[in-house]
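Structure record follows, encoded as structure tokens.
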Amino acid sequence: MVQEKAFPVSWEQFHRDARALTWRLAGAGPFEAIVCITRGGLVPAAVVSRELEIRLIETVCVASYHDYKTQGTTEVLKPISEQVRHLGGAGGKGVLIVDDLVDTGKTAAIVREMLPDAHFATVYAKPKGRPLVDTFVTEVSQDTWIYFPWDLGLSFQPPISGAPS
Ligand SMILES: O=P(O)(O)OC[C@H]1O[C@H](OP(=O)(O)OP(=O)(O)O)[C@H](O)[C@@H]1O
Ligand code: HPA
Ligand SMILES: [Mg+2]
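Numbering-wise (full-length UniProt numbering), the sequence shown opens with residue 1 and increments by one.
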């Protein structure tokens with residue numbers, strides 16, 4: 001899909017939104033562990049784990065967008081450890097899965113299958129992936145590209161009215 005709109009997020013805004021996610025999750029627990037979907041889930045998982053005082057953190061390593069904005073085959077580079085898979089029964093009850101966003105929902109569908117009873121949380125959601133998420137903070141349209149602070153740098157911005165003369 002052509003991404004027509006841009007949604008740039010600063011570190012401060014991301015921190016605020018990740019905290020807002022934690023407020024929404026407060027009544028959904030208790031959670032014994034967090035499974036963070038790398039790499040995008042690492043930053044919100046750090047904030048959520050701090051706020052909910054969860055110290056058992058596991059990763060599931062999934063790569064889907066190999067080129068900028070272009071989705072390729074979704075690869076699971078590292079699965080969820082047996083220790084965490086067996087918490088609270090085989091389905092993952094009491095486990096919180098965290099990612100930065102859900103877009104098409106492909107990544108979320110793969111990880112959900114690993115732990116069907118876990119609670120799935122993202123900071124941002126696009127309409128296609130939204131049904132796969134239990135808790136999120138902000139929805140953006142499908143044709144919006146979210147620019148995360150760890151992918152950005154300071155650069156010249158042309159005036160909104162057009163290119164500079
Ligand atoms: O809903 P989807 O269409 O599957 O897209 C969402 C996923 O895409 C991004 O990860 P990416 O594969 O770019 O890897 P990264 O987290 O290492 O940046 C993002 O962090 C989500 O995990
Ligand atoms: O909108 C997005 N922004 C950053 N990474 C992404 N991966 C899938 N969709 C997005
Ligand atoms: Mg990711």
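Backbone N, C-alpha and C fix where the C-beta goes; we use that ideal spot for every residue, glycine too.
Between A33 and chain C, is the shortest Cβ-Cβ distance under 8 Å, so that the two count as touching? The structure shown contains no chain C; it is built from a single protein chain.
Taking 8 Å as the cut-off, does the region 79–89 touch the region 19–29 (at least 3 CB pairs, one atom from each stretch)? no
I need the DSSP call for F14, collapsed to helix, strand or coil. Counting from 1 along the sequence shown, the entry for residue 14 is found at position 14. Here F14 sits in helix by DSSP.
Within the present structure, is the beta-carbon of K93 separated from the nearest heavy atom of ligand 1 by less than 7 Å? Here residue 93 refers to the residue found at position 93 of the sequence shown. Checking the Cβ of K93 against ligand 1 gives no.
May I ask you to check if the CB of G129 is nearer than 7 Å to at least one heavy atom of ligand 3? Counted from its first residue, the sequence shown places residue 129 at position 129. No, ligand 3 has no heavy atom inside 7 Å of this Cβ.
Beta-carbon gap between V60 and P79 smaller than 8 Å: In the sequence shown, counting from the first residue as 1, residue 60 sits at position 60. In the sequence shown, counting from the first residue as 1, residue 79 sits at position 79. Taking 8 Å as the Cβ cut-off, V60 and P79 qualify as a contacting pair.
Under the three-state reduction of DSSP, which class applies to K5: helix, strand or coil? For the purposes of this step, residue 5 is identified with residue 5 of the sequence shown, where counting begins at 1. If DSSP states are grouped into helix, strand and coil, K5 belongs with the strands.
Just to confirm, is the Cβ distance from I110 to V62 under 8 Å? Here residue 110 is taken as the residue at index 110 of the sequence shown, counted from 1. Here residue 62 is taken as the residue at index 62 of the sequence shown, counted from 1. Cβ atoms of I110 and V62: closer than 8 Å.
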